[in-house]
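Asks: A single structure is presented below for examination.
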Amino acid sequence: MVRHSDYAELEAKYAALAADNDKAMESLKQADAVVKLAHKKFSALAAENETLKYQEPKLAAMMSCLDAFYADDDVPERAMMAAYSILRKSVG
Numbered sequence: 001m002v003r004h005s006d007y008a009e010l011e012a013k014y015a016a017l018a019a020d021n022d023k024a025m026e027s028l029k030q031a032d033a034v035v036k037l038a039h040k041k042f043s044a045l046a047a048e049n050e051t052l053k054y055q056e057p058k059l060a061a062m063m064s065c066l067d068a069f070y071a072d073d074d075v076p077e078r079a080m081m082a083a084y085s086i087l088r089k090s091v092g
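According to full-length UniProt numbering, the stretch in the sequence shown is residues 1 to 92, in order.
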């Protein structure tokens, strides 16, 4: 059998739990906002990283590579290394 004094105690516990739940929901909303902001920043950094990683060499650098390759035609390995060196310098 439940008495009136038990109801008052249960209502007090309910009020305390509801307040705790509200605090937890607010914390969850703040954490969600932080995660979304971090995701946005990391996505922007990843896109920037991709563009920096795979830069396209300019036409002038490509022509210099061909010139270097054909200038040292007698040793193909050395010619390839010279062309590679020019390309690496052209993209950063």
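Glycine included, C-beta positions come from ideal geometry on N, C-alpha and C. Quick caveat, the model's predicted, so the values are computed rather than measured.
Between Met-80 and Ala-44, what straight-line distance do the alpha-carbon atoms span, to the nearest angstrom?
Replies: Here residue 80 corresponds to residue number 80 of the sequence shown, with the count starting at 1. Here residue 44 corresponds to residue number 44 of the sequence shown, with the count starting at 1. Cα to Cα, the separation comes out at about 36 Å.
Asks: Regarding Leu-66 and the ligand PLP, is the C-beta to nearest heavy atom distance less than 7 Å?
Replies: Here there are no bound small molecules, and the ligand PLP is not part of this structure.
Asks: Between the C-alpha atoms of Phe-69 and Pro-76, what's the straight-line distance to the nearest angstrom?
Replies: If you number the sequence shown from 1, residue 69 lands on position 69. If you number the sequence shown from 1, residue 76 lands on position 76. The alpha-carbon atoms of Phe-69 and Pro-76 are separated by roughly 8 Å.
Asks: Spell out a yes or no on whether the stretch 26-41 and the stretch 49-64 are touching, meaning 3 or more CB-CB pairs, one atom from each, closer than 8 Å.
Replies: Short answer: they don't touch.
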